[in-house]
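Engineer:
Number of protein chains: 2
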Amino acid sequence: MAKEAAGRARPGRAPAPAGRRARPRQAEVARLAGVSQATVSLVLSGRDLATGRPISAETRAKVLDAAHSLGYVPDPAASRLAAARNNLLGVFSFTATFPTDVRHSYYPFLVGVEQEAAAQGYDLVLFTGSSTGGAGAGGAGALNRVRLADGCLFLGRHAPADELRRLVADDFPVVHVGRRDEPEGLAWVGADYVSASREVVTALAGLGHRRVLLVREDDDAPASTDRERGFLDGLVDSGLPAGSDAVFRSGDPRHDLTADRVRAWVAEGVTAFVAEETDTGAAWRALRAAVDEAGLDCPGQVSLALLGSPPADLADEPAPMGFDIPRPALGAEAVRLLAARIAGGPAEGTLVACAFRPGATAGPPPAP
Amino acid sequence: MAKEAAGRARPGRAPAPAGRRARPRQAEVARLAGVSQATVSLVLSGRDLATGRPISAETRAKVLDAAHSLGYVPDPAASRLAAARNNLLGVFSFTATFPTDVRHSYYPFLVGVEQEAAAQGYDLVLFTGSSTGGAGAGGAGALNRVRLADGCLFLGRHAPADELRRLVADDFPVVHVGRRDEPEGLAWVGADYVSASREVVTALAGLGHRRVLLVREDDDAPASTDRERGFLDGLVDSGLPAGSDAVFRSGDPRHDLTADRVRAWVAEGVTAFVAEETDTGAAWRALRAAVDEAGLDCPGQVSLALLGSPPADLADEPAPMGFDIPRPALGAEAVRLLAARIAGGPAEGTLVACAFRPGATAGPPPAP
DNA sequence: CGCATTACCTAATGCGCATTAACGAGTAAT
DNA sequence: ATTACTCGTTAATGCGCATTAGGTAATGCG
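For the record, the sequence lines run as chains A and B. The first sequence lines up with residues 1 to 368 when you count with our numbering. The second sequence lines up with residues 1001 to 1368 when you count with our numbering.
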């Protein structure tokens, strides 16, 4: 393995790619402090104190001073390559981040993420779904860019299962935001729709309602399924009939949910309606419209509830009974879980409780 | 530089950190394809075609096959280390980033930043003012953390001049969001308040107003100065008197701007009032309140305009005439400028045009 | 006073990839 | 046949950092 002693050429890197050469390396710090690069590494990583590796206070000070005066910052790529960590947490979003309607869900989440990340000593790397930067080509291995960070959060329903699976299989710390069973061993955090929905139904029952109807769309996402389950659980808990006629499922609520139909239900004894929350809020909109058109007074003659938050454009209307997804809390919890994963913790799923919202659309049922 | 031939120890890395060892390296691909690692790198990066470095089709195919069958994905950390750049753009905010009131200005900006960054092939690193991650201590050299990125955007008025100066002096690519003259050679992007303000005045003049008054706070930030200049320019352009009595400056508009004073101005012939925009919106609030209290009908008896966007809590009132800062555009422009800086471009300042907003608070002056 | 500690520090090495001088094999030109 | 190239591929090297076996004073012990 001896090197050729002869005067071979020296390939390697070109001297200086012109750009900025200002960023100081550990070597410069070492030179300035009059020590070796290894010592600089030891001091700056604090590994000396932690592992009982003795470094004299004088040397420490010299190194620290030199590093500070040079404005030294470790190169994250190098740290990472050297099998350490870089205090960077990735955030990869699959949803279109930009349309205005997402503003209301993505940002609050980010607030929580940022706060908790800061608390844990991490900075954030925002990976953009459409970005083609970095190594792999745009579409295919785009997800691999995240490996630069110590771990990564994934947002949005459309995370490609196979790529995620690969990451998980390689034991790269990943946390998905939103319940997800797909890749085995994937950690996730999600809102507890089941409990929150149950609570809404319980509140309605507590007000005296005996017949409650759920209006939901024709979608089998976990978010929908969970809400229905919670709804039915709530009915059962309150001793109310939870048959299949307690749920009205429609692929197009705007057309199927007519005023006539609402009147018919009311005639049958239904006094409260519950709508699931979706991206578009179609079920809720249809319900409101139908009730209005049927000439029914909302808190007076029928009670309404929404299993989630109202769409942004209806924010100025009186708040419906329902619950709010604690997005900042969700973000914070995701970060906590991710940090735990990075530290070697298990890949578990975590539910975060939603906040019940009494609202102004529910009251006692009308006297018979 | 000859290596010690003697049987020295071999320190280096521990054999295998247990965890993820499954990921194939270029070396494995090379072995499977029966070529060298260098060839794999050349083929996979496509650098052979680009730089005219010829690689036989046969070899290419062998390498590609091997890579595919092994599920090879490049390690971004290694790529970035070897390439001396990391395709990371920093975003450092000095304002409290996440408190609710900033929500409305920070996020739209970030939208533009992210979009343009993605387009340019960069990912984003969000540095948090309070985060203590990384090497340097928290408070003092916190700004140095940003050096981990290829360049950095700075938001907020309170960027410490000396630290910024240091970065600029080291030729670290920096772009400040908001006009700024402080550190010589600092690149910045800002909204063109001068033109936008002038446009508002011109619109008012076009409606027939001959006496227009600017209400501003007692602050000499560029943002305020620019607005005043644009205001005065607009008056001059329209052949209106632009004396010092066209501007009312107050350290505390809430107390100084009374209904009586407004009545007096109106009696003197003032038919339109313009308020500058500030963080708190104090001038605009005071103006609205005083006009209301004076019992003046807004579009009818006096016209009002705001040099900027109304504060978030007044978003539901009728939109005032004025202009909107195109925050996404500003963000995008900032990224473009930063990318140019990284590529070795000059440190220039750039203005982005604001969008005129007709609003509903201005009309023709009342007949005399 | 000689040898074993102890306290501090440094040399050497590799992580995975990109880069480039150089080399071997053809092929064309002299 | 020797030189002059072109083509295709490889060996060697380093990016910046972390890691660890030693080395070298300074100190302890009998």
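Think of the CB as a built atom: it goes at the ideal place given N, C-alpha and C, for glycine as much as any other residue.
Hey, how far is the Cα of R336 (chain A) from the Cα of E1058 (chain B)?
Structural biologist: 49 Å
Engineer: For D233 (chain A), I'd like the list of residues in its chain whose CB is within less than 6 Å of its CB, leaving aside the five on either flank, ordered along the chain.
Structural biologist: A distance below 6 Å between beta-carbons, with the five flanking residues on each side excluded, links D233 (chain A) to the following residues of its chain, in chain order: R198.
Engineer: Within the same chain, show all residues whose beta-carbon is closer than 6 Å to that of Q1037 (chain B), passing over the 5 residues directly before and after it, in chain order.
Structural biologist: These residues qualify, in order along the chain: Q1026, A1027, A1030.
Engineer: Note down, in chain order, every chain B residue with its Cβ under 8 Å from the Cβ of V266 (chain A).
Structural biologist: Within 8 Å Cβ-Cβ: nothing; V266 (chain A) doesn't reach chain B, min ~33 Å.
Engineer: Does the beta carbon of A78 (chain A) come closer than 8 Å to any beta carbon on chain B?
Structural biologist: It does; some Cβ of chain B falls within 8 Å.
Engineer: Does the beta carbon of T1350 (chain B) sit closer than 8 Å to a beta carbon anywhere in chain A?
Structural biologist: no
Engineer: Note down, in chain order, all residues in the region 1116 to 1128 of chain B with a beta-carbon under 9 Å from any beta-carbon belonging to chain A.
Structural biologist: A1117, A1118, A1119, Q1120, G1121, Y1122, D1123, L1124, V1125, L1126, F1127, T1128
Engineer: What's the C-alpha gap between A214 (chain A) and V247 (chain A)?
Structural biologist: Reading off the sequence shown, one finds Leu at residue 214 (chain A), where the question assumed Ala. Taking the straight line joining both Cα atoms gives about 5 Å.
Engineer: 8 Å is my cut-off, CB to CB: does P17 (chain A) come that close to chain B?
Structural biologist: With a pLDDT of 39 at P17 (chain A), under the threshold of 50, the predicted position of this residue should be treated as unreliable, and no value is reported.
Engineer: Is it true that the region 1315 to 1328 of chain B meets the region 1293 to 1306 of chain B, where meeting means three or more beta-carbon pairs spaced less than 8 Å apart?
Structural biologist: yes
Engineer: Mind checking if L1148 (chain B) is an interface residue toward chain A, Cβ cutoff 8 Å exclusive?
Structural biologist: yes
Engineer: Kindly list, in the order they appear in chain B, the residues whose Cβ is closer than 8 Å to that of L81 (chain A).
Structural biologist: D1075, A1077, A1078, L1081
Engineer: Less than 8 Å between the C-beta atoms of R1147 (chain B) and F1172 (chain B), yes or no?
Structural biologist: yes
Engineer: Alpha carbon to alpha carbon, how far is G1185 (chain B) from V70 (chain A)? Give it in angstroms, no decimals.
Structural biologist: According to the sequence shown, residue 70 (chain A) is Leu rather than Val. Looking at the two C-alpha atoms, the distance is approximately 20 Å.
Engineer: Run the proximity test for Q115 (chain A): is its beta-carbon closer than 7 Å to any non-hydrogen atom belonging to the ligand MN?
Structural biologist: No copy of the ligand MN appears in this structure; indeed no ligand is present at all.
Engineer: How close, in whole Å, do the beta carbons of S93 (chain A) and G156 (chain A) come, if the pair is a contact with beta carbons under 8 Å?
Structural biologist: A Cβ-Cβ distance of about 6 Å is found for the pair S93 (chain A) and G156 (chain A), placing them in contact under the 8 Å criterion.
Engineer: So D1123 (chain B) is in the beta strand (DSSP E); what residue range does that whole segment cover?
Structural biologist: 1123 to 1127
Engineer: Just curious, the beta strand (DSSP E) that L1153 (chain B) is in, first and last residue?
Structural biologist: Counted as a single uninterrupted DSSP element, the beta strand (DSSP E) harbouring L1153 (chain B) occupies residues 1151 to 1155.
Engineer: Less than 8 Å between the beta carbons of L1032 (chain B) and A1066 (chain B), yes or no?
Structural biologist: yes
Engineer: Residues of chain B with CB under 7 Å from R23 (chain A), in chain order?
Structural biologist: Within 7 Å Cβ-Cβ: R1147.
Engineer: Can you tell me the Cβ-Cβ gap for L153 (chain A) and V113 (chain A), rounded? I've got them flagged as a contact below 8 Å.
Structural biologist: 7 Å
Engineer: Applying the criterion that 16 or more other CB atoms from any shown protein chain within 10 Å of the CB defines a buried residue, is R1047 (chain B) buried or exposed?
Structural biologist: exposed
Engineer: Here's the rule: buried if 16 or more other CB atoms are within 10 angstroms of the residue's CB, otherwise exposed. What is E317 (chain A)?
Structural biologist: exposed
Engineer: Under a three-way DSSP split, which group does D324 (chain A) fall into?
Structural biologist: strand
Engineer: Taking L1081 (chain B) and D1123 (chain B) to be in contact with their CB atoms under 8 Å, please state how far apart those CB atoms are, rounded to whole angstroms.
Structural biologist: Not confirmed; about 16 Å, so no contact.
Engineer: V1177 (chain B) to L1330 (chain B), Cα distance in whole Å?
Structural biologist: Rounded to the nearest angstrom, the two C-alpha atoms are 8 Å apart.
Engineer: Does E28 (chain A) come within less than 8 Å of chain B when only Cβ atoms are used?
Structural biologist: Taking CB atoms only, E28 (chain A) has no neighbour in chain B less than 8 Å away.
Engineer: Here's a check: name, in chain order, each residue in its chain whose Cβ is nearer than 7 Å to the Cβ of D1162 (chain B), leaving out the five neighbours to either side.
Structural biologist: none
Engineer: If you count every other CB in all the chains shown that lies within 10 Å of the CB of G1308 (chain B), and 16 or more means buried, which is it?
Structural biologist: It is buried - the Cβ of G1308 (chain B) has at least 16 other Cβ atoms within 10 Å.
Engineer: Compute the beta-carbon to beta-carbon distance between A1425 (chain B) and P1299 (chain B), rounded to the nearest angstrom, for a pair I have assumed lies under 8 Å.
Structural biologist: The requested residue 1425 (chain B) is not part of the displayed model; chain B covers only 1001 to 1368.
Engineer: Check each residue of the region 306 to 339 of chain A: if its Cβ is closer than 8 Å to any Cβ of chain B, include it; give the result in chain order.
Structural biologist: D316
Engineer: Given this structure, state the Cα-to-Cα distance separating T1132 (chain B) from A118 (chain A), to the nearest angstrom.
Structural biologist: Confidence is the limiting factor: at T1132 (chain B) the pLDDT is only 41, short of 50, which leaves the residue's position unreliable, though a coordinate-based value still follows. Looking at the two C-alpha atoms, the distance is approximately 7 Å.
Engineer: Return the residue from the list A:S238, A:S244, A:E293 that minimises the CA-CA distance to V262 (chain A).
Structural biologist: Closest option to V262 (chain A), Cα to Cα, is A:E293.
Engineer: Classify R53 (chain A): buried if its beta carbon has 16 or more other beta carbons within 10 angstroms, exposed otherwise.
Structural biologist: Exposed is the call here.
Engineer: Across the region 1251 to 1261 of chain B and the region 1284 to 1291 of chain B, are there enough close Cβ pairs to call them in contact, namely three or more that are closer than 8 Å?
Structural biologist: yes
Engineer: Is G178 (chain A) close to chain B, meaning its C-beta is less than 8 Å from at least one C-beta of that chain?
Structural biologist: For G178 (chain A), no Cβ of chain B is located within less than 8 Å of the residue's own Cβ.
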